[in-house]
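Data block below; observations after.
In the numbering used here, the protein residues as written are 6 to 487.
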């Protein structure tokens with residue numbers, strides 16, 4: 006119930022944020038309208054940066070709620086998050102027992118960072134669902150040696166790959182070391198995971214689309230391999246925070262504080278265990294459950310640290326083993342009477358109240374990235390013109406604005422002014438903008454500019470016919486009036 010409330014309340018109240026949410030939502034709508042859900046489309050062109058499954062999931066909500074509905078765009082995140090909680094519960098329960106499963110699921114469902122991720126349109130929450138399925142199926146297959154769970158294991162990896170390419174293999178970073186350890190140390194034979202039927206399921210679900218599209222559009226495999234994979238991860242090609250120090254705000258802070266007040270309960274449980282038993286932990290890394298969880302946390306975390314493509318939600322997969330490890334520690338603390346069910350409920354309620362309050366507050370708090378606010382605030386100006394053309398400068402294409410208004414807002418490229426003093430460069434840029442807006446066209450041209458540049462603009466001599474319209478505290482519009 007708490008999981009449902011946290012992820013559902015105010016899910017569509019906040020507007021789409023640029024750039025990620027706007028791009029995904031607009032791409033999903035255009036793909037849906039194209040009639041071919043297998044080939045993502047953005048701005049009328051194929052958009053091959055991600056496989057189609059996430060866009061299909063977003064489009065399903067748009068089909069239900071309307072093609073410019075924020076609720077529709079984020080709807081897929083609700084079942085994805087709830088099902089992830091279910092698989093975390095099943096995985097933890099199969100590792101140990103029912104109480105550990107319940108506590109682990111409770112931690113996951115009421116962690117601010119995880120619910121926040123489920124309130125942001127991207128591939129990551131959907132990807133984590135498939136990771137949780139993969140982990141659960143792997144452990145059940147390891148326990149029971151059931152071919153059906155082996156098939157489910159390969160299905161989970163395939164769904165991960167058709168969601169975010171090679172990131173679908175992240176669970177293997179913990180599973181493969183676990184299998185090698187059990188084979189080398191305990192002589193366990195785990196070859197039954199190499200199932201022809203399972204691999205066939207993986208190839209059909211996770212790989213076939215890539216080869217099919219490459220046959221239709223030769224060169225795509227090369228693009229995916231050398232740009233979307235090697236270029237993105239090893240060379241920082243897409244400028245996703247490649248600086249080494251970005252790992253601290255992007256990854257370390259969410260991992261440490263992302264579970265909210267669960268952290269303090271965990272620290273208290275460790276303190277009591279140290280005080281009463283002389284050690285913080287009462288487990289051994291040689292236990293198969295702990296080895297799998299630790300490996301599944303450490304190796305992916307190291308991978309994210311060394312990768313040069315960094316966004317905060319990329320780190321979501323490590324929270325599957327992390328929350329289960331926390332759940333097991335708290336369960337052991339309960340058995341020792343260090344903490345009680347009452348404390349668990351109190352922390353869950355406090356976290357839930359904070360999560361729901363933050364989601365509600367963000368819907369009304371002014372934010373430069375919120376394109377619903379911009380679309381609403383610009384209506385008075387929009388009503389003055391018939392089908393105006395919008396452009397933006399010093400900003401990427403405003404896809405979220407187009408999602409709400411059905412008006413494209415491409416970025417207007419400005420000339421490079423290298424070698425000139427700042428004032429001369431600004432004058433040349435303003436002259437370019439003025440000439441562009443003053444060109445005779447059948448429609449009114451309007452340029453949206455982040456308001457932080459307004460003071461700089463006002464230091465220049467501006468033609469009387471060039472109007473500056475304050476849209477809100479973050480944006481101004483410029484247009485030429487005859």
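Glycine included, every Cβ here is placed at the ideal spot set by N, Cα and C.
task = Given a cut-off of 8 Å, decide if residue 274 and residue 338 are closer than it, judged by their beta-carbon atoms.
result = Working through the chain shown from its first residue, we reach residue 338 at position 333. Working through the chain shown from its first residue, we reach residue 274 at position 269. Against a cut-off of 8 Å, the Cβ pair of residue 274 and residue 338 comes out as a contact.
task = Leaving aside the five residues before and after residue 22 along the sequence, list all residues of the same chain whose C-beta is less than 8 Å from its C-beta, in chain order.
result = Here the question's residue 22 lines up with position 17 in the chain shown. 125, 372, 374, 375, 376 and 405.
Collapsed DSSP secondary structure at residue 403 in the structure displayed = Your numbering for residue 403 matches position 398 in the chain shown. Coil.
Chain D within 8 Å of residue 391, Cβ atoms only = Of the protein chains in this structure there is only one, and it is not chain D.
Euclidean distance between Cα positions of residue 304 and residue 183 = Here residue 304 refers to the residue found at position 299 of the chain shown. Here residue 183 refers to the residue found at position 178 of the chain shown. Residue 304 and residue 183 have their C-alpha atoms roughly 11 Å apart.
request  = Give every residue of the same chain whose Cβ lies closer than 6 Å to the Cβ of residue 459, excluding the five residues on either side of it in the sequence, and list them in chain order.
outcome  = Position 454 of the chain shown, counting from 1, holds the residue named residue 459. Close CB contacts of residue 459 within its chain, under the 6 Å cut and outside five residues either way in sequence, are with 481 (chain order).
request  = From the DSSP output, in three-state form, read off residue 6 for me.
outcome  = Locating residue 6 in the chain shown gives position 1, counting from the first residue. Correct three-state label for residue 6: coil.
inquiry  = As a quick exercise: from 448, 344 and 284, pick the residue whose alpha carbon is nearest that of residue 394.
reply    = Within the chain shown, the letter at position 389 stands for residue 394. When only C-alpha atoms are compared, the closest one is 448.
Classification of residue 264 by the beta-carbon crowding that lies within 10 angstroms, buried from 16 upward = Taking the chain shown and counting its residues from 1, the one referred to as residue 264 is at position 259. Classification for residue 264: buried.
Alpha helix (DSSP H) runs contained entirely in the region 247-274, provided each spans 4 or more residues = 258-262
ask   = Taking residue 139 as the reference, which of 120, 148, 103 and 160 has the closest Cα?
value = Your numbering for residue 139 matches position 134 in the chain shown. For the residues 120, 148, 103 and 160, the minimum Cα distance to residue 139 belongs to 160.
inquiry  = Could you tell me the alpha carbon to alpha carbon distance between residue 89 and residue 107, rounded to whole angstroms?
reply    = Locating residue 89 in the chain shown gives position 84, where the first residue counts as 1. Locating residue 107 in the chain shown gives position 102, where the first residue counts as 1. Distance between the alpha carbons of residue 89 and residue 107: 13 Å.
task = Just tell me which of 484, 414, 456 and 413 has its CA closest to the CA of residue 437.
result = As a first step, residue 437 is located in the chain shown; it is residue number 432 there, counting from the start. Measuring from the Cα of residue 437, the nearest candidate turns out to be 484.
query = Where does residue 305 fall in DSSP's three states?
reply = Counting from 1 along the chain shown, the entry for residue 305 is found at position 300. Residue 305: helix per DSSP, three-state reduction.
key: Contact check, residue 359 vs residue 117, beta carbons under 8 Å   = To locate residue 359, count along the chain shown from 1; it is residue 354. To locate residue 117, count along the chain shown from 1; it is residue 112. Yes, the pair counts as a contact, with Cβ atoms nearer than the cut-off.
task = Could you check the C-alpha separation between residue 391 and residue 452 for me, to the nearest Å?
result = Along the chain shown, one-based indexing puts residue 391 at 386. Along the chain shown, one-based indexing puts residue 452 at 447. About 16 Å.
inquiry  = If the criterion is Cβ atoms closer than 8 Å, does the pair residue 74 and residue 17 meet it?
reply    = Here residue 74 corresponds to residue number 69 of the chain shown, with the count starting at 1. Here residue 17 corresponds to residue number 12 of the chain shown, with the count starting at 1. Cβ distance < 8 Å, so residue 74 and residue 17 count as in contact.
ask   = Is it buried or exposed for residue 4, if we count other Cβ within 10 angstroms and need 16 for buried?
value = Missing from the structure shown is residue 4; the chain here goes from 6 to 487 and no further.
key: Proximity of residue 315 and residue 252 at Cβ, strictly below 8 Å   = Counting from 1 along the chain shown, the entry for residue 315 is found at position 310. Counting from 1 along the chain shown, the entry for residue 252 is found at position 247. Using a Cβ distance threshold of 8 Å, residue 315 and residue 252 count as a contacting pair.
request  = Using a threshold of 8 Å, state whether the C-beta atoms of residue 80 and residue 137 are closer than that.
outcome  = The residue you call residue 80 lines up with position 75 of the chain shown. The residue you call residue 137 lines up with position 132 of the chain shown. No, the Cβ-Cβ distance between residue 80 and residue 137 is not below 8 Å.
request  = Below 8 Å CB to CB, which residues in the same chain sit around residue 310 once its five sequence neighbours on both sides are set aside?
outcome  = Here residue 310 is taken as the residue at index 305 of the chain shown, counted from 1. Cβ within range, chain order: 252 and 256.
request  = Any chance you could list the alpha helix (DSSP H) runs of at least 4 consecutive residues sitting entirely within the region 125-181, in chain order?
outcome  = 129-149 and 152-169
key: Cβ-Cβ separation, residue 37 to residue 67 (assumed contact under 8 Å), whole Å   = Residue mapping note: residue 67 aligns to position 62 of the chain shown, counting from 1. Residue mapping note: residue 37 aligns to position 32 of the chain shown, counting from 1. Sure, about 6 Å apart at Cβ, within 8 Å.
request  = In the DSSP assignment, find the unbroken alpha helix (DSSP H) run with residue 480 in it and report its ends.
outcome  = Along the chain shown, one-based indexing puts residue 480 at 475. Counted as a single uninterrupted DSSP element, the stretch harbouring residue 480 is not any alpha helix (DSSP H) but the beta strand (DSSP E) occupying residues 480-485.
task = Report all residues from its chain with a CB closer than 8 Å to the CB of residue 357; omit the five preceding and five following residues, and keep chain order.
result = In the chain shown, the residue the question calls residue 357 occupies position 352. Cβ within range, chain order: 7, 10, 11 and 115.
ask   = Is the CB-CB distance between residue 40 and residue 318 below 8 Å?
value = Taking the chain shown and counting its residues from 1, one reaches residue 40 at position 35. Taking the chain shown and counting its residues from 1, one reaches residue 318 at position 313. No; because the gap between Cβ atoms is not below 8 Å, this pair is not in contact.
task = Could you say which of 351, 201, 444 and 332 lies nearest to residue 93 if we only look at CA atoms?
result = If you number the chain shown from 1, residue 93 lands on position 88. Ranking the options by Cα distance to residue 93, first place goes to 332.
query = So what does DSSP say about residue 32, is it helix, strand or coil?
reply = The residue you call residue 32 lines up with position 27 of the chain shown. Three-state result, residue 32: helix.
message = Once DSSP output is grouped into helix, strand and coil, what is the label at residue 68?
response = Here residue 68 is taken as the residue at index 63 of the chain shown, counted from 1. In this structure, residue 68 counts as helix in the three-state DSSP scheme.
task = Might you give, ordered along the chain, the residues of its own chain that have their beta carbon closer than 8 Å to the beta carbon of residue 204, omitting 5 neighbours on each side?
result = In the chain shown, residue 204 corresponds to position 199, counting from 1. 159.
DSSP three-state assignment for residue 15, whether helix, strand or coil = Walking along the chain shown from the start, residue 15 turns up at place 10. Per DSSP, reduced to three states, the secondary structure at residue 15 is coil, with no helix or strand assignment.
query = Can you tell which of 14, 43 and 47 has the C-alpha that lies nearest to the C-alpha of residue 29?
reply = Taking the first residue of the chain shown as 1, we reach residue 29 at position 24. Closest by alpha carbon: 47.
inquiry  = Alpha carbons only, please: which of 479, 416, 147 and 465 is nearest the one belonging to residue 429?
reply    = As a position in the chain shown, residue 429 is number 424, starting the count at 1. Distance from the Cα of residue 429 is smallest, within the candidate group 479, 416, 147 and 465, for 465.
ask   = Whose CA, out of 370, 191 and 53, lies closest to the CA of residue 293?
value = Residue mapping note: residue 293 aligns to position 288 of the chain shown, counting from 1. That would be 191, whose Cα lies nearest to the Cα of residue 293.
key: Supposed close pair residue 270, residue 344 - CB separation, criterion 8 Å   = For the purposes of this step, residue 270 is identified with residue 265 of the chain shown, where counting begins at 1. For the purposes of this step, residue 344 is identified with residue 339 of the chain shown, where counting begins at 1. That pair is a contact at about 7 Å.
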